[in-house]
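Residues in the sequence shown are numbered from 217 upward in steps of one, following our numbering.
Using N, Cα and C, we set each Cβ at its ideal position, and we do this for glycine too.
Heads up, the thing below is written out as structure tokens.
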Amino acid sequence: MAEPSKEELQAENDALRRELARMRGVHSRGDRNAITGEMHGSTVMTGDYATYLGSVESITIQSAIFQMPPEPGQVAPKELLWTYLNRVIVDTGTLDLSGVDRRMLSDQQETKLELAAVYTALDTVRSAQRDPGETRSKTNARMDEESTEKHESALAFANEQPYAALLGDPGGGKTTFANFLALCLTGELLGLEHANLARLGDEWTVGTLLPVRIVLRQLAVQLTTLPQDETLWTYITQRLGKALADFAPLLRRHLLEEGGLLILDGLDEVPEAYHQRERVKQAVQEFRYAFPKVRILLTSRTYAYQRQQWRLPDFEEAVLAPFDEERVDAFVDRWYLHMAQVRGNMEPAEAKGRALLLKDAIRRNAHLRDLAPRPLLLTLMASLHAWRGGSLPEEREQLYDESVELLLDIWERPKLMLDQNGEPVLQDESASEWLNCPQEKIKRALETLAYRVHAMQEGTQGTADIDEDSLVGALLKASGDPNLRPTRVVEYIRDRAGLLSNKGEGVYSFPHRTF
């Protein structure tokens with residue numbers, strides 16, 4: 217691979233700066249002034265949740281690897297690191313509201329939320345472990361008096377375990393937590409005021425690790441083109457691209473000598489076909505042995521990881537817990553505060569008042585209290601509340617109907633995928649187009665299927681599992697297209713979030729029983 221020139225690296229840096237400026241909203245709104253300056257020797261500060269981006273020399277990293285002077289004619293290691301870190305900021309720093317509310321798709325105002333502004337801490341639950349040397353009989357006696365489950369924050373779990381598997385339902389916050397952790401570690405190195413080790417608090421004691429992120433769904437697409445040896449490392453270097461070609465050996469040396477944090481997001485989204493799952497498991501184990509100082513955090517849906525042959529040796533597991541009342545209140549407050557800031561059409565006092573209204577509605581309404589502990593559903597609820605001007609439908613049937621419409625819309629929305637060459641491809645056909653069937657007919661088919669599977673379920677709590685064959689059959693029947701094949705239907709629904717969630721291994725469910 218040809219070495220990048222300074223001009224190519226500068227072009228990469230300029231593109232990153234433009235994206236960061238777009239993310240931060242550099243246009244002044246009222247008293248939220250943007251102060252901008254030339255990046256080569258100065259700073260940029262924007263917004264109430266300002267990001268401070270200093271000169272390359274201001275990066276705070278102790279590793280001697282990046283302190284080295286550049287070779288004649290080559291880019292300085294610190295400048296390469298600066299470019300890499302800002303890529304991570306771009307990848308992890310925002311939440312796209314258009315993925316939550318379809319009405320924002322046509323809205324010309326800002327549809328991005330700063331992750332650091334709205335992030336709400338998550339807790340985990342995992343099985344309690346016996347103390348070293350404690351006999352099983354003693355443990356059994358102790359379990360009569362104490363819970364067999366260990367409750368701790370997701371951050372404490374990731375801090376405690378060098379190899380951590382963070383599990384949860386779709387929309388439960390797995391990716392959000394991983395992105396927030398990467399954002400804060402990166403922000404510490406860049407000197408950001410809103411995302412740094414201080415945001416992580418006392419529960420994070422392992423220091424400023426250099427994060428490396430891999431979205432396993434994207435890795436799976438390119439598995440056939442990657443070598444059997446050093447699969448993950450080869451993929452990492454490919455993702456760095458030409459502009460950061462010189463950064464790859466520096467990154468490798470740092471990971472070997474100093475360690476870091478490898479984030480593997482979405483282990484369950486790797487298809488089973490062509491032994492891809494086994495290949496990824498082997499690649500993870502190989503990376504562990506090759507880079508023993510690197511900590512690994514992987515995320516997966518609980519159902520797929522715990523019920524199938526997915527478990528990785530020596531990885532501790534914890535399942536994300538639902539929001540409690542305190543977390544729900546904190547999320548609502550942050551949501552409305554930052555919505556007011558990014559949209560610029562709501563005063564802080566009004567935002568505080570609307571947050572109070574929503575929190576009160578959740579407390580008074582048992583049906584809302586039942587939905588609120590799920591981060592995805594709480595976000596959906598907050599979105600509906602904001603767009604209705606500070607209210608929710610009084611009739612719960614109307615609330616559920618509007619929620620179902622929104623989730624169905626998310627399910628149908630165009631999906632960005634990667635082809636085997638790693639190039640982005642837009643799967644832009646909606647379910648209606650894919651199935652050659654009106655959306656209302658699809659909705660009726662799903663209603664019938666939902667009634668049938670829940671009628672057969674014992675008990676009244678939780679959501680019933682829907683096997684892939686039943687789901688495909690219902691959609692094929694609704695379509696009536698003789699040329700439509702089951703494999704095409706599976707291809708469409710398998711990795712789409714929204715009204716239906718893929719739990720893994722050909723099993724689906726609705727995000728909540730009420731839907």
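Identity of the residues DSSP links to residue i by a beta bridge
i       : result
Lys-390 : DSSP output for Lys-390 lists no bridge partner at all.
Leu-477 : Pro-427 and Arg-511
His-367 : Val-341
Gly-174 : Examination of residue 174 is not possible in this model, given that the chain is present from 217 through 731 alone.
Tyr-171 : Any answer about residue 171 is impossible in this case: the structure gives the chain only from 217 up to 731.
Leu-311 : Leu-329
Arg-604 : Partner(s): none; Arg-604 has no beta bridge.
Arg-517 : Gly-384
Short Cβ contact (7 Å threshold) for residue i with residue j
i       : j       : result
Leu-383 : Val-535 : yes
Leu-514 : Ala-381 : yes
Gly-606 : Leu-572 : no
Val-431 : Asp-481 : yes
Val-334 : His-554 : yes
Ile-682 : Val-669 : yes
Asp-339 : Ala-598 : no
Thr-336 : Ala-546 : yes
Thr-450 : Leu-442 : yes
Gly-309 : Leu-331 : yes
Leu-296 : Asp-462 : yes
Ala-464 : Leu-456 : yes
Ala-436 : Val-486 : yes
Ala-774 : Leu-594 : This structure cannot speak to residue 774, because the chain is shown only from 217 to 731.
Phe-531 : Tyr-379 : yes
Proximal residues to residue i (C-beta, below 8 Å), its chain only, five neighbours per side dropped
i       : result
Lys-497 : Trp-526 and Leu-528
Gln-324 : Caution is warranted here: a pLDDT of 40 is assigned to Gln-324, below 50, making its placement in the model unreliable, and no coordinate value can be reported.
Val-500 : Leu-448, Leu-480, Ile-512, Leu-514 and Leu-528
Leu-700 : Leu-651, Asn-652 and Leu-692
His-367 : Asp-339, Thr-340, Val-341 and Ala-537
Residue i to residue j span [Cα, whole Å]
i       : j       : result
Gln-655 : Gly-569 : 37 Å
Val-548 : Glu-613 : 23 Å
Met-562 : Phe-503 : 49 Å
Ile-305 : Asn-581 : 39 Å
Thr-392 : Ala-398 : 10 Å
Ala-394 : Glu-566 : 32 Å
Glu-541 : Gln-434 : 36 Å
Asp-576 : Leu-608 : 12 Å
Thr-299 : Thr-402 : 11 Å
Val-422 : Leu-687 : 45 Å
Glu-488 : Thr-703 : 14 Å
Asp-697 : Asp-307 : 40 Å
Gln-444 : Thr-453 : 15 Å
Glu-618 : Arg-585 : 17 Å
Ala-385 : Arg-559 : Note that residue 385 corresponds to Asp in the displayed sequence, not to Ala. Computed Cα separation, rounded: 30 Å.
Thr-664 : Met-672 : 13 Å
Val-705 : Val-620 : 21 Å
Glu-474 : Glu-376 : 18 Å
Ile-578 : Gln-438 : 45 Å
Leu-600 : Pro-564 : 19 Å
Ser-244 : Ala-374 : Note that Ser-244 has pLDDT 30, beneath the 50 cutoff, so the model's placement of it is unreliable and the number below is only indicative. If I take the Cα positions, the gap works out to 38 Å.
Lys-458 : Glu-446 : 19 Å
Arg-604 : Leu-615 : 11 Å
Contact set for residue i: own chain, Cβ-Cβ below 7 Å, skip 5 residues either direction
i       : result
Asp-247 : At Asp-247, the pLDDT of 35 sits below 50, so the modelled position is not reliable and the matter cannot be decided from this model.
Leu-413 : Cys-400, Glu-404, Trp-420 and Thr-424
Pro-591 : Gly-387, Gly-388, Gly-389 and Phe-539
Ser-695 : Leu-651, Asn-652 and Cys-653
Tyr-667 : none
Ala-661 : Ala-690, Leu-691, Lys-693 and Ala-694
Thr-518 : Leu-383, Gly-384, Asp-385 and Val-535
Gln-492 : Ala-436, Leu-439 and Val-486
Close beta carbons around residue i, own chain, < 6 Å, minus the five adjacent residues each side
i       : result
Leu-478 : Val-428, Val-510 and Ile-512
Leu-483 : Leu-432, Leu-514 and Ser-516
Glu-684 : Gly-722
Ala-372 : Glu-419
Arg-415 : Cys-400
Leu-311 : Leu-329 and Leu-331
Pro-508 : none
Gly-417 : none
Contact test: residue i Cβ vs the ligand HEM heavy atom, cutoff 6 Å
i       : result
Arg-570 : The ligand content of the structure shown is nil, which means the ligand HEM is not present either.
Jot down the residue ranges of each uninterrupted beta strand (DSSP E) in the stretch 525–565, minimum 3 residues, whole runs only, in chain order.
-> Runs of the beta strand (DSSP E) inside the stretch 525–565: 532–536.
Every unbroken alpha helix (DSSP H) within the stretch 407–475, with a cutoff of 4 residues, ordered by chain = Entirely contained in the stretch 407–475, the alpha helix (DSSP H) runs reaching 4 residues are, in chain order, 413–416, 432–437, 447–456 and 463–473.
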